[in-house]
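Trainee: In our numbering, the protein residues as written are 814 to 1257. Cβ coordinates follow ideal geometry from the N, Cα and C atoms, glycine included.
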Ligand SMILES: *Cc1c(COP(=O)(O)O)cnc(C)c1O
Ligand SMILES: [Zn+2]
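1. If you follow the alpha helix (DSSP H) that residue 946 is part of, which residue opens it and which one closes it?
2. Please report the distance separating the alpha-carbon of residue 1235 from that of residue 1224.
3. Enumerate in chain order the residues of its own chain whose CB-to-CB distance from residue 936 is below 7 Å, with the five nearest sequence positions on each side excluded.
4. With a CB to CB cut of under 6 Å and the five nearest residues on each side skipped, what residues in its chain are close to residue 1086?
5. Between which residues of its own chain and residue 954 is the CB-CB distance below 7 Å, once the five residues before and five after are set aside?
6. If we ignore side chains and look at the alpha-carbon of each, how far apart do residue 1177 and residue 944 end up?
7. May I ask you to verify whether the stretch 1098-1111 touches the stretch 1145-1158, counting CB pairs closer than 8 Å and requiring at least 3?
8. Comparing the CB of residue 1163 with every heavy atom of ligand 1, is any distance shorter than 7 Å?
9. Spatial neighbours of residue 1196 within its chain, please: CB distance less than 7 Å, with the 5 preceding and 5 following residues excluded, ordered by chain position.
10. Thinking C-alpha only, which one of 1119, 1167, 1113 is nearest residue 1149?
11. For residue 1179, collect the residues of the same chain with a Cβ closer than 7 Å to its Cβ; drop the 5 residues on either side in sequence, then sort them by chain order.
12. Are residue 1056 and residue 867 close, meaning C-beta to C-beta below 8 Å?
13. Skipping 5 residues on each side, what residues in its chain have a beta carbon closer than 6 Å to that of residue 881?
14. What number of angstroms, rounded off, separates the C-alpha of residue 977 from the C-alpha of residue 1118?
15. Going by C-alpha distance, which of 1220, 994, 923, 1028 is nearest residue 959?
16. Which residue or residues does DSSP assign as beta-bridge partners of residue 1093?
17. Can you list, in chain order, the residues of its chain whose CB lies under 6 Å from that of residue 1106, leaving out five sequence neighbours each side?
18. If you draw a straight line from the C-alpha of residue 1159 to the C-alpha of residue 1004, how long is it?
19. When you compare only the Cα positions, how much space is there between residue 889 and residue 1254?
20. How about the stretch 1016-1027 and the stretch 916-930: do they share at least three Cβ pairs that are nearer than 8 Å?
21. Nearest by alpha-carbon distance to residue 1245: which of 1256, 1237, 1238 is it?
22. Classify residue 1078: buried if its beta carbon has 16 or more other beta carbons within 10 angstroms, exposed otherwise.
23. Would you mind listing the beta strand (DSSP E) stretches within the stretch 1114-1201 that are 3+ residues and don't spill past its ends, in chain order?
24. Would you kindly report the start and end of the unbroken beta strand (DSSP E) that includes residue 786?
If you want it as structure tokens, here you go:
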């Protein structure tokens, strides 16, 4: 948020209401040195005619310039943190479609639904929208090495963008806890991958020490520039809707960076006069990893307080298996400001919703399907009206987790704790003899 006293075009600002300390945009900060709060990018007031801006964004779609072809940098006036666009690292991220899914709409209790499918990104998830900005800032700062702790989409994306930029990528993984498809991407893109005998939180602490000592730039969730890039998911959605504001935007919540980014981007779009109201944000968590839902429930009942981490988060939707989400203060602010809500869903609900999205010819990874499962619950509870204009953000590509899909359709999928997932919409391959009569009879 730009304050009236701000002078620099772009700065880092402490998110903590009681602090709001400001730092140069070129400082390497992940937390506020004064209070430990989260850091965000803040900009001077944007003095541009909104109709002119909309025309500029639209015109860039026909340009062959790499920056204009990017579904993130096309909206660069709305995150002007770079002073030299030669530093921008792009794989033409974004440019993801809005898709209709009548079967999924019916399942979700809606007349219609729109999916914003971030799985169409270069490495198959919305992490690319953020990573293009994070790695660009690394280049601008003259960093040679970038690192993250992740077993999933963040490492796949960071590896690709680091390779593009000529940066060395370091990925730290908890030993023996590897998500195969996503790790394979990181290896293929040439990232140096270190498996540490420790858990996620311990490794994060270790990496922060190493980053300081070795001058490595951290591209984990608390990097404020990733949030800047992820704002563009909302800008592109609005552009594709001719700037009509949907009633609801529904997304899965893990570390809550995306929730923070969507809320910030939408507020800034409103401040710039591009839209005149905010859509309501609905964040969906998996039941076994739902600390933000628990916080929200306390908030709604007037109890308040901070987030209580879940020590052993569990869900087959590994992209949202997060017990201690870094960005919760930002996300809480955005859900409140938008008049939104937080819901949680079971493993069975996620699996069935995912199969319904598949039947639309769309498909996604398990975490993404939490959106439709959550919508089904929210329409049943009367929180979302059946006639509402709802955009559900599918965060990752179907091919990220084929093992899950095969197991679901063949009745072999088990939730953590050994609970069997019912293949409600299962679709098994049928073994047939090499015999036209028998096959014809089967298909009759
Ligand atoms: C990272 C990720 C999420 C969770 O997003 P947060 O910003 O951490 O809340 C959800 N789905 C997919 C596919 C992801 O890669
Ligand atoms: Zn502070």
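Mentor: Let me spell this out:
1. 940-953
2. 6 Å
3. 969, 970, 973, 998
4. 863
5. 839, 841, 1030
6. 20 Å
7. yes
8. no
9. 1154
10. 1113
11. 1129, 1130, 1163, 1167, 1214, 1217
12. yes
13. 873, 887
14. 43 Å
15. 1028
16. 1061
17. 1098, 1155, 1157
18. 34 Å
19. 60 Å
20. no
21. 1256
22. buried
23. 1154-1158
24. No statement about residue 786 is possible, as the shown extent of the chain runs from 814 to 1257 and does not include it.
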